[in-house]
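Residue numbers (my numbering), protein chains in the order written: chain X, 1 to 629; chain Z, 1001 to 1078. The beta carbon of each residue, even a glycine, is placed where N, CA and C say it ideally should be.
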Amino acid sequence: MTKPIPIDSTLQACSRPELRALVSRVSDRLNVMWAQKLVAHCATLEPEEGSLRIGIVRSFTSELLDPWLKLAAALQGLGIDIYHAPYGLSLQEAEPDSGLVSHAPDVTVLLLDCESVHPAFNAPLVEHDADTQRQVADVVLDRLCSILERFRSQPIGHMVLALLPARIGPALGTFDAQSERSQARWWSDLKGRIAACLRTSMRAASLLDLDELLLDIGRSHFFDRRLWYSARFPFAPRAAFEVATRIVEVGVLTKRPKAKVIALDADNTLWGGIIGEDGIEGIALGPDYPGNCYLDFQRRLLDLEQRGFVLALCSKNNAADVEHVLSSHPHQLIKDHHFVAKRVNWLDKATNLRELADELNLGLSSFVFVDDSAHEIAAVRRLLPEVEAVQMPHEPLDVPTALEHVARLQTLSLTAEDQSKTGMYIAERERRSHKARFGQDAGALGDYLSSLDMRMQVVYDSAAHVGRLAQLTQKTNQFNLTTRRRDEQQLADLIAAQDWLVAHFSLTDIFGDSGIVGLALVRRLDDAAAELDSFLMSCRVIGRTAEQAFLETLLRKLKQEGVRTFFADYLPTSKNGLVADFLPKQGFSRRADGRHERRLDQGPAVSLAAKSPIVVTESNGAPFSRKTD
Amino acid sequence: MSIFAQLQDAIATTLNVAPEKISETTSADNLTAWDSLGHVNLMMAIEQTFDIYLEVEDFSKLTSVEAILAYLDSRDIR
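This is the structure:
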């Protein structure tokens, strides 16, 4: 519970972010009429920025979600076009000529009640012993996965599975939690197995756990029994709005630039009060109210770091005051080492955010800026519209959940690289200061590079990391010769194909392991020729000659495999100017038709440049030959 | 605002039609936007507008402006 505000006050919002914040505070009192009013109000604020196509396959009434989907989309500045598949779980919708496929959705939601997935849900589960229960789960899982696979085989955008929670408590009532036949435990295990199936064997597919929403809202507020029993629509208004919000979030995450950095103000954001005035003893941070609200907010920020976002500090303060809190306040959870970059000074926030972007080598559109000052937020929104600016609530009770409604701080996938991002950025910072010690002399760069003791592992045709490889093709804009985006399934297909070579590399040095940071896709054209379809590298490792070592390793491999002519292309975009002359520099010659070519049969495959400071090891894949069929 | 004007506003906003199109003779039979799904939404809107709780049994009876006004009157909403 937080302090209620009148529902009419939402109509005073002057911007979409402000409206989103207000709506989240009245979401328990919304109804369809208000949804329509708010959509209309949204339209007066700012023009839409794009549109979302949603497909819904459902086993119950879903049309009543429309006003809520429209509201959720409008709050994100998106128009929305919704297709509802015919009533009932219709597998014909998974055919290439279906209404769903021709709608070409960005997001397809499978909104199912459990009884429609399998009849087992109609009988009491607790009549079975544990073994039989397990068999029932196997059967349900099989059935569901085969349904999901059929849909996934069609181009229907990101797929979201949402299973309707139980409308009433478990068969054994209060005793369920204690019973070895517990229905709640069975369901939670089954959900875990469904999630694993989505995670491991399906690309672009997510489980939307409605039970989690039900926890937020409470069962009696989640369902409207009148609507369920009279119109087979389960959701009370609040649940309908939250479900719609989660669906639109998926659309936002697939369509908008990915958020990477949370740039935080310090005073009244990380703690209550102003360090320069209240002093380290006086700021609110600790076990008592209101300091415990800020403590919970800091915990949440560390959670967000686990989702793959990195934290930066952007505060108008004396640097020493802030350092003192970070190092010495007994309750400060976020320490200096959690921040990948800091700007604590008296410059304006826009200047500092620009500098942070430069330092981290990221675009401003990857920034979410969090500040308590309405003035700072407004200035950043005006000067840097690419930055998503979020205003901290003034009520301490609202502080812990201040970022819960920022759609771009959700994530649809998580790789090992995501979870250790902070460490990687900090290693990069250490690398830079290490480099500075070598000075600017002629041999300094070479000395610096050899001092890093770099080791590269090149791996061919391994399906173990397709998630990360797909992420690289989707996120790499700067060091990318052709900017061809591929999803996990496409990469898995290329890895399996005999006429494609999928090479990736990871790099370690004295400062740490960068993880998988480079990818090359090579297609065999005939016995003697191949072409470089994609060649890209994360900006994280730019400046360490890794691209050269990787390419040379690849050329040597191709030469061994009998390739004599190797073609490559540079396809310019607004962001990849960095690699405009990469191919000529690597000994490729430009042909009349604009392609680049390098002969591998004349002279050594490897260029005769200075010896690489990187020690390369390779793990062999399957032989790479021309397509046989 | 009169009860009719409040109802007119609720129907127009919920079903996305111009308020002028809603008169005392409007019903689900003569307003295209007042279909079965619109009707469910309208019931929710009426609840909120007049701060009442509608029974499922009422849903199927309240399919015209006239019926809704009579119902509100019976609940002493005048």
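In this structure, valine 502 (chain X) lies near leucine 521 (chain X), with their beta-carbon atoms less than 7 Å apart. Here the segment 327-338 of chain X does not lie against the segment 433-443 of chain X, with fewer than 3 beta-carbon pairs under 8 Å apart. Taking CB atoms only, phenylalanine 1059 (chain Z) has a neighbour in chain X less than 7 Å away. In this chain, cysteine 42 (chain X) is not harboured by any beta strand (DSSP E); it is covered by the alpha helix (DSSP H) spanning 32-45.
Counting C-beta pairs with one atom in each stretch, the segment 527-541 of chain X and the segment 465-476 of chain X have three or more that are closer than 8 Å, which means they touch.
Taken through DSSP and simplified to helix, strand or coil, leucine 1015 (chain Z) comes out as helix. Bounds of the alpha helix (DSSP H) holding glycine 1038 (chain Z) are 1036-1050.
Pairing valine 344 (chain X) with valine 368 (chain X) gives a Cβ-Cβ distance that is not under 7 Å. At least one CB atom of chain Z sits nearer than 7 Å to the CB of asparagine 31 (chain X). A Cβ of chain Z is located within less than 7 Å of the beta carbon of leucine 64 (chain X). DSSP, reduced to helix, strand and coil, places aspartate 513 (chain X) within a strand of the structure shown.
Contiguous alpha helix (DSSP H) elements confined to the segment 214-273 of chain X occur at 219-222, 225-231 and 237-255, taking only those with 4 or more residues. Any Cβ of chain X closer than 7 Å to the Cβ of alanine 1067 (chain Z) would place that residue at the interface, and such an atom is absent.
Separation of arginine 300 (chain X) and glutamate 404 (chain X) (C-alpha to C-alpha, rounded to the nearest whole angstrom) is 9 Å. In terms of beta-carbon proximity, glutamine 1048 (chain Z) lines the interface with chain X, with at least one pair separated by less than 7 Å.
Here DSSP, grouped into helix, strand and coil, assigns arginine 150 (chain X) to helix. Of all residues in the segment 222-234 of chain X, the ones placed with a Cβ closer than 8 Å to any Cβ belonging to chain Z are Arg226, Leu227, Tyr229, Ser230, Ala231 and Phe233, in chain order. For the segment 35-49 of chain X, the residues whose beta carbon sits under 7 Å from a beta carbon of chain Z are, in order, Gln36 and Lys37.
For valine 1017 (chain Z), no Cβ of chain X is located within less than 7 Å of the residue's own Cβ. In this structure isoleucine 5 (chain X) is exposed. Its beta-carbon is surrounded by fewer than 16 other beta-carbon atoms within 10 angstroms.
Beta-carbon to beta-carbon, aspartate 372 (chain X) and cysteine 314 (chain X) are separated by about 12 Å, too far to satisfy the 8 Å threshold. Around the beta carbon of tyrosine 425 (chain X), a 10 Å sphere encloses 16 or more other beta carbons of the protein chains shown; the residue is thus reported as buried. Beta-bridge partners of aspartate 371 (chain X) (DSSP): X:Gln391.
Rounded to the nearest whole angstrom, the CA to CA distance from leucine 383 (chain X) to leucine 353 (chain X) is 11 Å. Counting along the chain, aspartate 1073 (chain Z) sits inside the alpha helix (DSSP H) bounded by residues 1065-1074.
Between the segment 93-113 of chain X and the segment 54-61 of chain X, the count of C-beta pairs closer than 8 Å reaches three or more; the two stretches touch. The closest CA to that of threonine 254 (chain X), considering only X:Glu180, X:His158, X:Leu207 and X:Thr174, is found on X:His158. Interface annotation, leucine 1037 (chain Z): in contact with chain X, CB-CB separation under 7 Å. Nothing from the segment 74-89 of chain X brings a Cβ to less than 7 Å from some Cβ of chain Z. Under the criterion of beta carbons closer than 8 Å, arginine 307 (chain X) and leucine 414 (chain X) qualify as touching, at roughly 7 Å.
Within chain Z, the C-beta atoms nearer than 7 Å to that of proline 67 (chain X) come from Asn1041, in chain order.
Proximity of chain X to methionine 1044 (chain Z) at the Cβ level (cut-off 7 Å) is accounted for by Asn31, Val32 and Pro237, in chain order. Note that the C-beta distance between glutamate 388 (chain X) and leucine 364 (chain X) is not below 7 Å. Using a 10 angstroms sphere on the CB of threonine 1014 (chain Z), the tally of other CB atoms reaches 16 or more, which defines it as buried.
Annotation: the continuous beta strand (DSSP E) that includes arginine 455 (chain X) extends over 454-460.
Contact check for arginine 193 (chain X) and alanine 284 (chain X): beta-carbon distance about 44 Å, past the 8 Å limit, so the pair fails to qualify.
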